């Protein structure tokens, strides 16, 4: 009890992948958790390069989804460009995402985040770049 939770993960790198970047999410926070059309959501997310090489410019995309799996019909609500990320470094850009008015039906949505959304960076692991926080309520 106490109303808080923590999570941790262990990441191992193999020597065969040491010459490539590997971009992952290591944390996210956002507020408010209940928004109205036309309102902004402030998002604080951390992207880390756990690979052995630097990554030049890439985009992080933010989506609303009715389920916990990304699909092409999910609603893109924003993006953030990261200019570069050296090996072992992390960056925590603050995104202010505007919730479109009248285009998103009221309801609960998952906020799905994808690092290197355009696949601009060749990574040692191309399948660990999604992050799925708790649901967010959209009210119209």
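In this note's numbering, the protein residues as written are 193 to 332.
All C-beta atoms, glycine included, are put in the ideal place defined by N, C-alpha and C.
Predicted model, so just to flag it, every value in this text is computed and none were measured.
- The alpha-carbon of residue 320 is positioned some 13 Å away from that of residue 219.
- With contacts defined as CB atoms closer than 8 Å, residue 291 and residue 229 qualify as a contacting pair.
- For residue 240, the three-state secondary structure derived from DSSP is strand.
- Using a C-beta cut-off of 8 Å, the region 248-267 makes contact with the region 294-306, since at least three inter-stretch Cβ pairs fall below that distance.
- No Cβ-Cβ contact shorter than 8 Å links residue 214 with residue 252.
- The three-state reading of DSSP puts residue 309 in coil, since its state is none of H, G, I, E or B.
- Here residue 298 is exposed, its C-beta having fewer than 16 other C-beta atoms within 10 Å.
- Under the three-state reduction of DSSP output, residue 261 falls in the coil class, being neither helix nor strand.
- Within a 10 Å sphere around the beta-carbon of residue 316 sit 16 or more other beta-carbons, which makes this residue buried.
- DSSP, reduced to helix, strand and coil, places residue 271 within a strand of the structure shown.
- Per DSSP, the beta-bridge partners of residue 248 are 276.
- Counting along the chain, the unbroken beta strand (DSSP E) around residue 287 starts and ends at 286-290.
- No Cβ-Cβ contact shorter than 8 Å links residue 327 with residue 288.
- When DSSP states are grouped into helix, strand and coil, residue 300 belongs to the strand group.
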